[in-house]
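In the numbering used here, the protein residues as written are 1 to 388.
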């Protein structure tokens with residue numbers, strides 16, 4: 001699949017224009033980050049109260065203009081079930097309805113439309129549905145730009161100049177349908193001169209190996225479980241490539257996968273942790289000492305099973321996230337069942353954005369069948385998860 005259209009090219013240009021300001025944020029002080037969080041939190045709450053009927057009732061007792069981050073625990077937790085049960089009242093653009101967005105998803109799955117942008121503005125993304133219900137989350141034009149810039153700003157900062165010379169090819173191995181966010185997000189290239197080869201993750205492993213051997217990518221973006229298999233194929237000698245940068249996302253990354261990539265290609269993996277709802281929460285820089293929290297764009301509360309704040313990695317049961325840039329479906333203290341491991345040490349790269357050392361939860365297993373057939377869970381999710 002080649003994701004390309006005049007509108008897509010315009011959006012990629014908007015990402016490129018916005019990226020330098022995001023890279024500059026990586027030099028912010030703790031005080032600057034706190035000030036931005038406070039400003040953006042008040043703006044988010046005021047916008048949600050004004051434009052979302054559901055939030056107007058939920059937030060009726062708060063004063064957005066004087067609200068502080070310390071007041072967040074006064075607000076109830078917001079769940080995926082809340083969003084999907086009240087979708088048309090949560091959404092702030094009155095042109096959007098859950099039925100309309102589901103129709104857009106169906107048309108894309110049925111190949112009856114090739115228009116990526118719903119109402120010329122929104123990328124309508126369906127979550128994998130690991131909880132049993134498909135989530136529907138539209139990314140507006142500006143929301144996608146913010147998500148993309150946050151995702152790639154460390155790479156832009158850290159990329160050695162010599163890596164941007166000679167032949168460059170980015171291999172994107174992600175979801176096989178354009179109703180998932182990964183084909184749009186991970187085909188964003190920090191190098192406009194690089195070619196892009198897109199491969200669906202549900203391609204049989206032998207087919208992926210053959211395609212990669214043919215393409216000879218200099219960079220790979222893919223799911224952690226796919227990289228686990230590719231690392232093994234490289235060590236076996238069947239996969240004969242020499243990438244200079246390897247990025248994984250969407251799934252917990254095993255130490256064995258890191259070891260295999262290091263042995264096969266002599267590079268360290270740059271891992272990411274995120275979700276469709278708010279984008280990337282943690283992003284690994286080239287110091288490889290953990291994943292930096294996206295604290296300027298997302299407030300992340302680590303809580304135990306009783307919703308009490310904790311930094312004890314053994315006690316963290318889930319996280320509550322508040323998107324400071326999301327306006328379409330405002331997510332305020334939104335529950336994610338991921339179990340990250342907070343790390344209080346500073347990163348040697350100099351950025352003061354705090355670290356998480358990894359994510360213990362949300363691992364999907366590859367389905368293995370006789371004859372060496374391996375099937376990624378996305379195949380079943382796309383086909384089997386019911387609409388709401």
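For each residue, glycine too, the CB sits at the ideal point set by N, CA and C.
Task: Unbroken alpha helix (DSSP H) run spanning residue 94, endpoints - done: No alpha helix (DSSP H) holds residue 94; DSSP gives it neither H nor E.
TODO: Would you tell me roughly how many angstroms separate the C-alpha atoms of residue 35 and residue 19, rounded to the nearest one?
DONE: Whole-angstrom Cα-Cα distance: 21 Å.
Task: Opening and closing residue of the beta strand (DSSP E) in which residue 85 lies - done: Premise fails: residue 85 lies in the alpha helix (DSSP H), 80-85, not in any beta strand (DSSP E).
Task: Whole-angstrom distance between residue 153 and residue 285, CA atom to CA atom - done: 9 Å
- [ ] Return yes when the C-beta of residue 341 is under 7 Å from any heavy atom of the ligand GDP, and no when it is not.
- [x] The ligand GDP is absent from the structure shown, which contains no ligand whatsoever.
- [ ] Find out if the Cβ-Cβ distance for the pair residue 340, residue 359 is shorter than 8 Å.
- [x] yes
Open item on the list: Quick check: the Cα distance between residue 113 and residue 147, rounded to an integer number of angstroms?
Closed with: 25 Å
TODO: Using alpha carbons as the reference points, say which of 336, 243, 258 lies closest to residue 82.
DONE: 336
Task: Cβ-Cβ distance between residue 239 and residue 202 below 8 Å - done: No; because the gap between Cβ atoms is not below 8 Å, this pair is not in contact.
Task: 7 Å Cβ shell around residue 77 - same chain, five flanking residues per side excluded - done: Taking residue 77 as the centre and dropping the five residues before and after it, the same chain places the C-beta of 307, 320, 333, 335 closer than 7 Å to its C-beta, in chain order.
Open item on the list: Nearest by alpha-carbon distance to residue 291: which of 247, 123, 62 is it?
Closed with: 247
Open item on the list: Here's the rule: buried if 16 or more other CB atoms are within 10 angstroms of the residue's CB, otherwise exposed. What is residue 278?
Closed with: buried
Open item on the list: Along the chain, where does the beta strand (DSSP E) containing residue 147 start, and where does it finish?
Closed with: Looking at the DSSP string, residue 147 is not in any beta strand (DSSP E); the run it does join, the alpha helix (DSSP H), is 141-158.
Task: N-terminal and C-terminal residue of the beta strand (DSSP E) that residue 198 is part of - done: 195-200
- [ ] Would you identify the three-state DSSP class for residue 318, choosing helix, strand or coil?
- [x] Three-state result, residue 318: strand.
- [ ] Reducing DSSP to helix, strand and coil, say where residue 182 ends up.
- [x] helix
- [ ] Pick helix, strand or coil for residue 115, following the three-state DSSP scheme.
- [x] Three-state result, residue 115: coil.
TODO: For the alpha helix (DSSP H) holding residue 33, just list the boundary residues, first then last.
DONE: 30-51
Task: Residue range of the alpha helix (DSSP H) that includes residue 226 - done: 224-236
Open item on the list: Let's test the definition: count the other Cβ atoms within 10 Å of the Cβ of residue 25 and tell me whether it reaches 16, buried, or not, exposed.
Closed with: buried
- [ ] Report the partner residues of residue 219 according to the DSSP bridge assignment.
- [x] 170, 245
- [ ] Count the C-beta pairs between the segment 222-232 and the segment 173-187 that are closer than 8 Å, then say yes if the count reaches three, no if not.
- [x] Pairwise C-beta distances place the segment 222-232 in contact with the segment 173-187, as three or more of them are shorter than 8 Å.
Open item on the list: With a threshold of 8 Å, are at least 3 pairs of Cβ atoms found where one atom belongs to the segment 185-196 and the other to the segment 50-65?
Closed with: no
- [ ] Have a look at the DSSP bridge pairing and note the partners of residue 356.
- [x] Assignment of beta-bridge partners to residue 356 by DSSP yields 291, 342.
Open item on the list: Can you list, in chain order, the residues of its chain with a C-beta nearer than 6 Å to that of residue 269? Leave out the 5 residues immediately preceding and following it.
Closed with: 246, 248, 258, 261
TODO: Using alpha carbons as the reference points, say which of 305, 38, 11 lies closest to residue 323.
DONE: When only C-alpha atoms are compared, the closest one is 38.
Open item on the list: Just to confirm the assignment, what range does the alpha helix (DSSP H) spanning residue 24 have?
Closed with: 6-25
TODO: Evaluate residue 371 with the Cβ neighbour count: other Cβ atoms within 10 Å of its Cβ, from every protein chain shown; 16 or more gives buried, anything less gives exposed.
DONE: exposed
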